[in-house]
Every structure is written in structure tokens, then in C-alpha cells.
Amino acid sequence: MYELTVEREFSAAHNLRDYDGACARMHGHNYLVQITVGGPELNSQGLLVDFGDLKVIYDEVLGKLDHQCLNEVPPFDEINPTSENLARHIYEVIAEGLPEGVTMRAVKVFESSRACATYSEGD
Ligand SMILES: [Zn+2]
Numbered sequence: 001m002y003e004l005t006v007e008r009e010f011s012a013a014h015n016l017r018d019y020d021g022a023c024a025r026m027h028g029h030n031y032l033v034q035i036t037v038g039g040p041e042l043n044s045q046g047l048l049v050d051f052g053d054l055k056v057i058y059d060e061v062l063g064k065l066d067h068q069c070l071n072e073v074p075p076f077d078e079i080n081p082t083s084e085n086l087a088r089h090i091y092e093v094i095a096e097g098l099p100e101g102v103t104m105r106a107v108k109v110f111e112s113s114r115a116c117a118t119y120s121e122g123d
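Each residue of the sequence shown is one higher than the last, beginning at 1 in my numbering.
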């Protein structure tokens, strides 16, 4: 199995619903997202998938979140815009756009340099 990890960033505001603490108030993060995909075979160029192609896919997904109030963007108008839910949403949307033979492995969402949530379909 080969794996590729790409980091992208976006900035957004959010507040957590039904939460007792400072994060219940509107505030912002510069999110760092690490997206890892994998696959068993390389193409004739020795690539699993071109990094440039991945960045196009990722930027389309993350562009819909960038400089937004996440609480107003589906599905976060209904579910809490936590890092955990962001990681799962990003994972599921990107999974739909990957080329054949490439699958999602994990999405990590850092809302600060010291706090990260990971979503994967492992055990
Ligand atoms: Zn926050």
C-alpha cells in the first residue's frame, strides 16, 4: 500500500452549539488539514496519483469552507462544526472525487498547532 499526504489550509469562523465554554461564542481558526490517500498500485509514471491533481480536488472541497461562518454552511447548519465533524465531512466529500484505484485513508483537522481531530474508517 502506498500513501500520499497533502496539507492544505483554510480559515473560518464557528461556534459550538450546546456547548458550555468559550467555544460557544463565535470565533475563528486557521485550520490545517492533512489528507492521506492510499492505493496498492502505481501508474506507469511511478505515481499513485499526481499531487497536483489531489490539490485541485482538495481546494474545491476546502474552498467551500474557506472564509465562511461554518455554522451557515451545510451540513454544519445542522451538525456542530467541530474538528471531528469537519474531518469526517472532508473525508466523505473528497472520497467521492478520487480517481479509480485511490482510496481515502485519513483526514486530520488541526484547529491549532496543538489540537487535532482525525477521521478514518479504521477500527
Ligand atoms: Zn473553535
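Heads up, the beta-carbon is just placed ideally off N, CA and C, and yes, glycines get one too. Since we're looking at a predicted model, the values are computed, not measured.
Do residue 111 and ligand 2 come close, with the Cβ less than 7 Å from some heavy atom? Among the ligands in the structure shown, ligand 2 does not appear; only ligand 1 can be found there.
Would you kindly work out how many angstroms separate the C-alpha atoms of residue 132 and residue 74, rounded to a whole number? Outside the displayed span of the chain (1 to 123) sits residue 132, for which this structure offers no information.
Assigned exposure category for residue 47 - 16 Cβ within 10 Å defines buried: Classified as exposed, residue 47 has fewer than 16 neighbouring CB atoms from the shown chains inside 10 Å of its CB.
Any heavy atom of ligand 1 closer than 7 Å to the Cβ of residue 116? no
Considering residue 133, what are the terminal residues of the beta strand (DSSP E) in which it resides? Limits of the chain in this structure are 1 at one end and 123 at the other, which puts residue 133 out of reach.
Three-state secondary structure assigned by DSSP to residue 29: strand
Bounding residues of the beta strand (DSSP E) (the contiguous stretch that carries residue 112): 103 to 112
Any idea if residue 39 is buried or exposed, counting beta-carbon neighbours within 10 angstroms, 16 or more meaning buried? Sixteen is the threshold: when 16 or more other Cβ atoms of the shown chains lie within 10 Å of the Cβ of residue 39, as they do, the residue is buried.
Taking only three categories from DSSP, how would you classify residue 79? coil
I believe residue 3 touches residue 105 by the beta-carbon criterion, under 8 Å. Please report the beta-carbon distance rounded to the nearest angstrom. 6 Å
Taking 7 Å as the cut-off, is the C-beta of residue 23 nearer than that to any heavy atom in ligand 1? Residue 23 Cβ: within cutoff of ligand 1.
Whole-angstrom C-beta distance between residue 58 and residue 109, which should lie under 8 Å: About 13 Å; that fails the 8 Å criterion.
Among the candidates 82, 97, 94, 98, whose CA atom is the shortest distance from the CA of residue 26? 82
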